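Listed in order, the protein sequences are those of chains H and Z. Per our numbering, the very first residue in the first sequence carries number 164; after that it's consecutive. Per our numbering, the very first residue in the second sequence carries number 243; after that it's consecutive. By construction, the Cβ of each residue, glycine as well, lies at the ideal position given by its N, Cα and C atoms. In this text, all values refer to a predicted model and were calculated from it rather than measured experimentally. Quick notes on the structure that follows.
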Amino acid sequence: MRTLTKLTWVEIKLFIREPMVVVFTLALPIIFLFVMGGVFGNTPNPEVYRGVGAMNYYMPSYYGLVMMAIGTVALPLHLAGYRERGILRRLRASSFSIWTVLGSQLLVSAIIAILGSLLVTVLGLATYSPDLPENIPQLIGAFFLGVACFTSFGFFLGAVLPSTRAAQGIGLILFFVMMILGGAGPPPEVMSNVMGFIGDITPLRYVILTLQNAWLPGPDFDWYTSASLVTAGITVVSALLAARFFRWE
Amino acid sequence: MTSIISVQNLRKTYGKIIAVADISFEVAQGEIFGFLGPNGAGKTTTVECLQALRDPDSGKISVIGLDPLRQAQELRRRIGSQLQESALPDRIKVWEALDLFASVTDKISDWHPLLEQWGLAEKRKSSFAALSGGQKQRLFIALSLVNNPEVVFLDEMTTGLDPAARRVAWDLIRAVRDRGTTVVLVTHFMDEAENLCDRVAIVDKGKIVASDSPQGLIASYATGVRVLFSTDKPDLAFLEKVSGVKNVTRRGDRVEVEGSGPLLALVAAALVEHDIVPPDLRVEQPSLEDVFLKVTGRAVVD
Ligand SMILES: Nc1ncnc2c1ncn2[C@@H]1O[C@H](COP(=O)(O)OP(=O)(O)OP(=O)(O)O)[C@@H](O)[C@H]1O
Ligand SMILES: [Mg+2]
Chain H
164 MRTLTKLTWV
174 EIKLFIREPM
184 VVVFTLALPI
194 IFLFVMGGVF
204 GNTPNPEVYR
214 GVGAMNYYMP
224 SYYGLVMMAI
234 GTVALPLHLA
244 GYRERGILRR
254 LRASSFSIWT
264 VLGSQLLVSA
274 IIAILGSLLV
284 TVLGLATYSP
294 DLPENIPQLI
304 GAFFLGVACF
314 TSFGFFLGAV
324 LPSTRAAQGI
334 GLILFFVMMI
344 LGGAGPPPEV
354 MSNVMGFIGD
364 ITPLRYVILT
374 LQNAWLPGPD
384 FDWYTSASLV
394 TAGITVVSAL
404 LAARFFRWE
Chain Z
243 MTSIISVQNL
253 RKTYGKIIAV
263 ADISFEVAQG
273 EIFGFLGPNG
283 AGKTTTVECL
293 QALRDPDSGK
303 ISVIGLDPLR
313 QAQELRRRIG
323 SQLQESALPD
333 RIKVWEALDL
343 FASVTDKISD
353 WHPLLEQWGL
363 AEKRKSSFAA
373 LSGGQKQRLF
383 IALSLVNNPE
393 VVFLDEMTTG
403 LDPAARRVAW
413 DLIRAVRDRG
423 TTVVLVTHFM
433 DEAENLCDRV
443 AIVDKGKIVA
453 SDSPQGLIAS
463 YATGVRVLFS
473 TDKPDLAFLE
483 KVSGVKNVTR
493 RGDRVEVEGS
503 GPLLALVAAA
513 LVEHDIVPPD
523 LRVEQPSLED
533 VFLKVTGRAV
543 VD
């Protein structure tokens, strides 16, 4: 337990010291918040954004974006780099268990996601006056489900991607595809069928739908059971694959 | 003397490569035990099997009474490891690494003295990437000791250290042993093995080809003495008749006389008698290096 706390604390400091990761997880969502907020404001239009104001749509989406950046960029890069450079081996030789190593990453992911989402919340509320979340307990549930999903997905990528280069390349592609097509970019209603389809097979779509339904008011936005089940499914499958393919060296 | 490490018929292959063919040995509590051997002999593989970092194909290993296959975690917690190749995150600070690795043990472990001892006090706030090669190496040695291990494995501990730092490292390792830790050391340095190790095993092609104290090895494998000098006189046949001389070899001006007994005095007398007074006449006593070359069958390369 002491080892887990120590490792988590060190890993948080290392996370903050890694500029590329900080840009993707903490800075980009905020940049998007200001760009999209500045362009679209928060006036509802029945044609797009599920019929709600753009900012009401995007606030929960950017929670998802933070988590997704952790799962596609931060974690795979971190784990593949640790393996490639022999850091995992070094940790293992000193009796750090797989549960300590991955557990600390899970905790770091949760903490960074909370931090990033708080930033989005504070800055978003201060500038574009979106509605406050309607159902806080549901939002918290959706939030941690999303964190679990993308942490697990990041473990999976980190386990199967053989090198830092591969993690960088594939992680960035996944990041941009998911960001644009998965629900944190243009409204899904304006996309072509192909784009819509690709968006539908990204985990981000389901994480965002679950978050949005918890956030948005009204009978159209009850807890999104099917989306949350898909999210949970991705979490479990990724975790199993990660456990299956995890290598120390 | 009780054995703290016992290895019987260890074998480890990588596909067709036989890294360790068949190795058995015992290490006593409180000993400094060294492995010497050419590149690729299987030293690292052997000690990593002992540290539960590789699974052997066959053989029986017991380290502090634990089986690396079944009690890996407990074993790793109680031993110290300095690996031949490893790294830390670039941006971790020296003190953070020590503090982190100290947390694996339940024993009271104060890492501050290690900073001083291993010359890292000034660098405590430097990040790993900013350390020099030798400083990184010293940090890894410090990390291997930070959990107060019962046995510490040091794989090429002084590689990359300057001569002064090597001497300091030897003293510190002796002090660690004096506090009761058993030390298993892999090295390429003959002087390190000779100075530091109570016993040495010479490994070649995955087998132990000789094992004893350094003095014991020298006594049983390298009995000869060598006398060396240079001269431009062509005819040295008279040296063959000097009592005790076994072999005279010549490369250009440099002459090497091998033999036994009071070789230096006899050779010197014979040289003077023939009006040869080389200014660089000297004798070389047999060393561990001679043993190494002899038992591993490597040719002497000048
Ligand atoms: N992971 C591996 N996969 C395949 N072959 C390996 C692996 N590790 C070591 N070997 C091979 O096993 C043999 C023994 O390697 P080992 O690292 O144990 O040698 P060593 O005695 O430590 O050598 P050195 O003095 O160069 O460190 C070598 O032929 C090496 O190529
Ligand atoms: Mg080696």
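{"Asked": "Check each residue of the stretch 235-266 of chain H: if its Cβ is closer than 8 Å to any Cβ of chain Z, include it; give the result in chain order.", "Found": "Y245, R248, G249, I250, R252, R253, R255, A256, S257, S258, F259 and S260"}
{"Asked": "Would the C-beta of Z:K285 count as close to ligand 1, meaning under 8 Å from any of its heavy atoms?", "Found": "yes"}
{"Asked": "Note down the Cα distance separating H:N205 from H:M218, rounded to an integer number of angstroms.", "Found": "5 Å"}
{"Asked": "Can you list, in chain order, the residues of its chain whose CB lies under 7 Å from that of Z:G375, leaving out five sequence neighbours each side?", "Found": "G402"}
{"Asked": "Report all residues from its chain with a CB closer than 7 Å to the CB of H:L379; omit the five preceding and five following residues, and keep chain order.", "Found": "V215, N219 and E297"}
{"Asked": "Can you check whether the CB of H:G287 is closer than 9 Å to the CB of H:L189?", "Found": "no"}
{"Asked": "Note down, in chain order, every chain H residue with its Cβ under 7 Å from the Cβ of Z:Q315.", "Found": "S258 and S260"}
{"Asked": "Please list, in chain order, all residues of the same chain as H:T263 whose beta carbon is under 7 Å from its beta carbon, the five residues on each side excluded.", "Found": "T166, L167 and L170"}
{"Asked": "So H:R368 packs on H:G334, CB below 8 Å; how close in whole Å?", "Found": "H:R368 to H:G334, Cβ: 18 Å. No contact."}
{"Asked": "For H:L324, which residues from the same chain have a beta carbon less than 7 Å from its beta carbon, with the 5 sequence-adjacent residues on both sides left out?", "Found": "P239, A243, A330 and I333"}
{"Asked": "Given that a residue counts as buried once 16 or more other Cβ atoms are within 10 Å of its Cβ, and exposed if not, what is H:A256?", "Found": "buried"}
{"Asked": "Taking C-alpha atoms, which residue in Z:I350, Z:G276 and Z:E290 lies nearest to Z:H430?", "Found": "Z:G276"}
{"Asked": "Check whether the Cβ atoms of Z:S323 and Z:L357 lie closer than 9 Å to each other.", "Found": "no"}
{"Asked": "Say whether the stretch 434-452 of chain Z touches the stretch 249-267 of chain Z, bearing in mind that this needs 3 or more beta-carbon pairs closer than 8 Å, one atom from each stretch.", "Found": "yes"}
{"Asked": "In chain B, which residues lie with their C-beta within 8 Å of the C-beta of H:R165?", "Found": "Reference to chain B is not applicable here, since the protein chains of this structure are H and Z."}
{"Asked": "Comparing alpha-carbon positions, which option in Z:L278, Z:Q271 and Z:T288 lies nearest Z:T255?", "Found": "Z:T288"}
{"Asked": "At a CB-CB cut-off below 8 Å, which residues of chain H make contact with Z:P331?", "Found": "L177, Y245 and I250"}
{"Asked": "Quick one: which residues of the stretch 272-287 of chain H get their C-beta closer than 8 Å to a C-beta of chain Z? List them in chain order.", "Found": "none"}
{"Asked": "Would a C-beta distance cut-off of 9 Å place Z:V497 and Z:S472 closer than the cut-off?", "Found": "yes"}
{"Asked": "Got a sec: is the Cβ-Cβ distance from H:F408 to anything in chain Z below 9 Å?", "Found": "no"}
{"Asked": "Kindly say whether Z:I460, judged by its beta-carbon, lies nearer than 9 Å to any beta-carbon of chain H.", "Found": "no"}
{"Asked": "Does chain Z have any CB closer than 9 Å to the CB of H:L170?", "Found": "yes"}
{"Asked": "With C-beta atoms as the reference, is Z:R253 less than 9 Å away from Z:S304?", "Found": "no"}
{"Asked": "Using a cut-off of 8 Å between C-beta atoms, extract the partners of H:E181 located in chain Z.", "Found": "R333"}
{"Asked": "Does Z:V542 get closer than 9 Å to chain H when you measure Cβ to Cβ?", "Found": "For Z:V542, the predicted structure reports a pLDDT of 42, less than 50, and the residue's modelled location is therefore unreliable. The matter cannot be settled from this model."}
{"Asked": "Does the distance from the C-beta atom of H:M231 to that of H:M341 stay below 9 Å?", "Found": "yes"}
{"Asked": "Quick one: residues in its chain with C-beta nearer than 7 Å to the C-beta of Z:V269, no 5 flanking neighbours on either side, listed in chain order?", "Found": "S245, I246, I247, F275, T424 and V426"}
{"Asked": "Under DSSP, the alpha helix (DSSP H) around Z:Q359 begins and ends at which residues?", "Found": "H354 to Q359"}
{"Asked": "Thinking just about the alpha-carbon of each residue, which of H:Y291, H:T314 and H:Y245 is nearest to the one in H:L269?", "Found": "H:T314"}
{"Asked": "Sort Z:D495, Z:G503, Z:G307 and Z:V346 by Cα distance to Z:D474 and report the nearest one.", "Found": "Z:D495"}
{"Asked": "Would you report the Cα separation of Z:R242 and H:V184, rounded to the nearest angstrom?", "Found": "In this structure chain Z extends from 243 to 544, so residue 242 of chain Z is not present and cannot be described."}
{"Asked": "Does the count of Cβ pairs from the stretch 387-401 of chain H and the stretch 350-369 of chain H closer than 8 Å reach three?", "Found": "yes"}
{"Asked": "Given that H:V173 touches chain Z, what residues does it touch there, using C-beta distances under 7 Å?", "Found": "I334, E338 and L342"}
{"Asked": "Could you tell me which whole alpha helix (DSSP H) segments of length 4 or greater appear in the stretch 266-297 of chain H?", "Found": "none"}
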